[in-house]
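Mapping the sequence shown onto full-length UniProt numbering, position 266 (from 1) lands on 266, and the numbers just tick up by one.
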Amino acid sequence: MLTSVKDALSPVMKLGFALTEGRKIAKIPKDADVLYWDAFLKGAKRQDNSCFVARRGADPAVILFSGGTTGVTKGILLSNLNFNALALQTCSMGHCVVPGSRMLAAMPMFHGFGLGVCIHTMLAAGVTAILVPRVSVESYAKLLKKERPNYIAGVPTLYEGITRNPYMDGVDMSQLLGVFSGGDTLSIELKKKFDAFLAEHGAPVQVREGYGTTECVTASCLTPYDMYREGSIGLPFPDTYYKIVKPGTTEEIPYGEDGEICLCGPSVMIEYVNQPEETANVLRRHADGHVWLHTGDLGYMDADGFLFFKQRIKRLIITSGYNVYPSQVENAIDAHEKVLMSCVIGVPDSYRMQKIKAFVVLRPNVLPTPTLKEEILAHCSKLVAKYAMPYDIEFRSELPKTLVGKVAYTVLEKEELAKQAI
């Protein structure tokens, strides 16, 4: 079933859309096996029978797509219960969701963050969701001024862009009740920077980081509104349990030790569609009798139950036998006053197995020079171990991004492999 922006427009606006933005949309073949939303609604008006269909919580509701554990696209089958549990949990943990308030829904609808939090949770709570078909630096600032939303949610790259958005000058953000970050790691430096930005624009709140996976719709833990712990991704949602296990096993390990993040709760998916082996790899029954989702992410839990995310297990860099977390090196580089953002990857090396390379985007009006490269490396050497030091820094005007705004580190890895193959 297909829908279009023009379905909700007046005849005049529909014509204008067809002559402008509509021309950019690919045409659907006339013989395509599709049903159009407007035709579906017209047909429904001719029906006299009740359209009510009884549904159960366990019934499938949505299929979202993710790269999963192998990088191959997977359909993640989610139930009514998954989405409804998320809505209740988010409202409870958010501690700020008020009926009649407004959410700026700038995250894409094909992503769990956008569909699950920005749309379903908000509508279930009686909150208006302001849809944003296409986000730009200028349009985002205009929407904040015009719509004055009470909640904003986004990935770290969105917030980094907001802080240097010239259209944000003078924007009053005093109406904000909640600011949430997810989908990628929010560095300590960016949190400090964005919190200061919010305060400068009158916001009475700070950004709160959460964590989750598409296999549990989206978020399943969140930083409490009244309790921040530096570097933490927060506490588990109500009725959701976390444990840290030795990678590749179901063996739980002590507080403070790094391992694979596992979770169990009402938002965990039904399965990967038509992929039973992959489903069995990530949904495992432990000795306690419960089925746990193995996220493929590295992290640890402290004695107070706060969770700390390191990165994807597959992104762990092993150099000369040492484990290096890219996020730790990135945090060190990002702390340099002339650096806007960075991405660290492992490059294959015959001697060390992998060597570390950093890609760096500089702040506006800062020139990339050999002297600055040495300056950043010297700064980094004070904050990370010698074995974790980058062997090289490559300056970029921007970093590749995924469709939801995450830094696409795999693109950089493929580029380096291609260079080695020449």
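Just so you know, even glycine gets a beta-carbon here, dropped at the ideal spot from N, CA and C.
>> Could you give the first and the last residue of the continuous alpha helix (DSSP H) run that contains residue 424?
In response: The requested residue 424 is not part of the displayed model; the chain covers only 1 to 422.
> Which residues in the same chain as M341 place their Cβ atom closer than 7 Å to its Cβ, once the five residues preceding and following it in sequence are excluded?
Replying inline: Contacts found: E160, D334, V361 and L399.
> Do you know offhand how far E21's Cα is from A141's?
Replying inline: The C-alpha of E21 lies about 21 Å from the C-alpha of A141.
> Should P204 go down as buried or exposed, given a rule of 16 or more other Cβ atoms within 10 Å for buried?
Replying inline: By the neighbour-count rule (16 or more Cβ atoms within 10 Å), P204 is not buried but exposed.
> What residue range is occupied by the uninterrupted alpha helix (DSSP H) comprising S327?
Replying inline: From DSSP, the alpha helix (DSSP H) with S327 extends over P326 to D334.
> For T157, which of L177, S181 and N150 has the nearest alpha-carbon?
Replying inline: Comparing alpha-carbon positions, the option among L177, S181 and N150 lying closest to T157 turns out to be S181.
> Between which two residues does the beta strand (DSSP E) harbouring A385 extend?
Replying inline: No beta strand (DSSP E) contains A385, which DSSP labels as neither H nor E.
> Skipping 5 residues on each side, what residues in its chain have a beta carbon closer than 7 Å to that of Y255?
Replying inline: So the list reads M301, D302 and A303, once near-sequence residues are dropped.
>> Let me make sure I understand the geometry here. Which of L81, Y36, L64 and C380 has the alpha-carbon closest to that of T73?
In response: Taking only the C-alpha atoms, the option nearest T73 is L64.
>> Between the alpha carbons of I393 and A358, how many angstroms are there, rounded?
In response: Straight across, the Cα-Cα distance linking I393 with A358 is about 5 Å.
>> Beta-carbon within less than 6 Å of A219's beta-carbon, same chain only, minus the 5 sequence neighbours each way: which residues are those?
In response: Only G182, G210 and G212 meet the Cβ criterion.
> If you follow the beta strand (DSSP E) that C91 is part of, which residue opens it and which one closes it?
Replying inline: No beta strand (DSSP E) contains C91, which is instead part of the alpha helix (DSSP H) from N80 to G94.
> If you compare alpha carbons, which of Y151, A196 and P166 is closest to R177?
Replying inline: Checking the sequence, you will find Leu at residue 177 rather than Arg. Checked all of Y151, A196 and P166; the closest Cα to L177 is Y151.
> In the DSSP assignment, what are the bridge partners of N323?
Replying inline: Paired residue(s): I318.
> Can you tell me the Cα-Cα spacing of I345 and K382, whole angstroms?
Replying inline: Spanning the two alpha carbons is a distance of roughly 20 Å.
> What are the start and end residues of each continuous beta strand (DSSP E) run of 3 or more residues lying completely inside the region 102–144, in chain order?
Replying inline: Correct list: 102–105 and 128–131.
> With V407 and K414 assumed to form a contact (beta carbons below 8 Å), what rounded beta-carbon distance in angstroms separates them?
Replying inline: That belief does not hold up - the Cβ atoms of V407 and K414 are roughly 14 Å apart, past 8 Å.
>> Three Cβ pairs or more, each shorter than 8 Å: is that satisfied between the region 76–92 and the region 183–194?
In response: Judged by Cβ distances under 8 Å, the region 76–92 makes no contact with the region 183–194, as fewer than three pairs qualify.
> Can the beta-carbon of H201 be found closer than 8 Å to that of V155?
Replying inline: Their beta carbons are not under 8 Å apart, which means H201 does not touch V155 by this criterion.
> Ordered along the chain, which non-local residues of its own chain (more than five positions away) have a Cβ less than 8 Å from that of F308?
Replying inline: Listed in chain order, the non-local C-beta contacts of F308 below 8 Å within the same chain comprise G231, S232, I233, G299, Y300, M301 and D302, local neighbours out to five positions each way being set aside.
> Which value, in whole angstroms, describes the spacing of the CA atoms of P368 and S187?
Replying inline: Answer to the nearest angstrom: the Cα atoms are 23 Å apart.
> In the region 197–241, which residue ranges form an unbroken alpha helix (DSSP H) of at least 4 residues, counting only runs that do not cross its ends?
Replying inline: Qualifying alpha helix (DSSP H) stretches: none in this window.
> Closest by CA to H206, which one among F194, A421, T214 and P370?
Replying inline: The residue asked about is misnamed: residue 206 is Gln in this sequence, not His. Comparing Cα-Cα distances from Q206 to each of F194, A421, T214 and P370, the minimum goes to F194.
>> Using 8 Å for Cβ pairs, my map puts I253 next to I244. What's the rounded Cβ distance?
In response: Rounded, the Cβ-Cβ distance is 6 Å, consistent with contact.
>> If distances are taken between C-alpha atoms only, which option among L263, K30 and P247 comes closest to E257?
In response: Shortest Cα-Cα distance from E257 to any of L263, K30 and P247 involves P247.
> Mapping DSSP to helix, strand and coil, what is D7?
Replying inline: D7: helix per DSSP, three-state reduction.
> To the nearest angstrom, how far is it from the Cα of Q311 to the Cα of M353?
Replying inline: When the Cα atoms are used, Q311 and M353 turn out to be separated by approximately 19 Å.
>> Measuring only the C-alpha atoms, how far is T70 from L417?
In response: Because the pLDDT of T70 is 41, which lies under 50, any placement of that residue in the model is unreliable, and the number read from its coordinates should be weighed accordingly. If you take the alpha carbons of T70 and L417, they lie about 18 Å apart.
> What's the C-alpha gap between K24 and A18?
Replying inline: As the crow flies, the alpha-carbon of K24 is around 9 Å from that of A18.
>> Looking at L235: is its Cβ nearer than 8 Å to the Cβ of C216?
In response: Taking a C-beta distance under 8 Å as the contact criterion, L235 and C216 do not qualify as a contact pair.
>> Could you compute how far the alpha carbon of G100 sits from the alpha carbon of P60?
In response: Distance between the alpha carbons of G100 and P60 is about 29 Å.
> Taking just the CA atoms, how far does S397 sit from G126?
Replying inline: Spanning the two alpha carbons is a distance of roughly 42 Å.
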